[in-house]
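Residue numbers (this note's numbering): 10 to 176.
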C-alpha cells in the first residue's frame, strides 16, 4: 500500500514538471509569434514607400494601417496581453489584404522588383505566424485540459499554474 502512494506522489510530481515545461514552451512560442508580428509590421513602411509613385490615393489607402501600426507599436511597449495583440494584428492583416488587392490592380507596380520581394517576404512572415498560432492553439488546449486534471489532486491546488486563454 505504501508503494502505491509513493508511486502516485512521484507520478504527480512528474506530471507537474511536465506542466511547467509546457507552460515554458507556451511562453517561448508566444514570444516567437510576437517577434514574427513585429517583423511583418516593420515591412509596412517599405511597402508604403515602394507603392507611393504608383497609387493615386496613396495616403487614404494606407491611413488605417498606419494608425493600426501605431497602436501595435505602443501595445508592444506597454505589454498588452497576448489576445489583445492578436486582435490588433488581425486588423493589420485585413488591412494588408486590402492594400494588396489595390496594389494588384496596378500592372506597373506588379512589375516592380522591390514590391514583389516585399510581397513574398510578407507572405512568408504571415505563413510563419499562422503556423505559430496553430501550434499555440494546440498546446494551450492540451495545457488547459491537463491543468484541469492537475487541479483534482491536492498537490495540483498548491502549484501556481493558471489557465491560458485560448485564441
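Cβ coordinates follow ideal geometry from the N, Cα and C atoms, glycine included.
Reduced DSSP secondary structure (H/G/I, E/B, other) of residue i
i           : result
residue 56  : helix
residue 64  : coil
residue 76  : helix
residue 142 : helix
residue 125 : helix
residue 176 : coil
residue 113 : coil
residue 106 : helix
residue 39  : helix
residue 134 : helix
residue 120 : coil
residue 90  : coil
Neighbourhood of residue i by C-beta, 8 Å cutoff - its chain only, sequence neighbours within 5 removed
i           : result
residue 111 : 64 and 70
residue 102 : 135
residue 150 : 175
From the options, residue whose alpha carbon lies closest to that of residue i
i           : options              : result
residue 59  : 123, 137, 151 and 23 : 123
residue 40  : 91, 126, 19 and 132  : 91
residue 62  : 118, 146 and 36      : 118
residue 128 : 57, 150 and 96       : 57
residue 144 : 98, 36 and 79        : 36
residue 132 : 150, 109 and 19      : 109
Residues near residue i in its chain [Cβ-Cβ closer than 7 Å; skip 5 each side]
i           : result
residue 130 : 52
residue 27  : none
residue 142 : 42 and 176
residue 50  : 78, 81 and 101
Beta-carbon proximity check, residue i vs residue j, cutoff 7 Å
i           : j           : result
residue 137 : residue 45  : yes
residue 77  : residue 48  : no
residue 173 : residue 152 : yes
residue 97  : residue 81  : yes
Beta-carbon contacts of residue i that lie in its chain and below 6 Å, excluding the five residues immediately before and after
i           : result
residue 115 : 63
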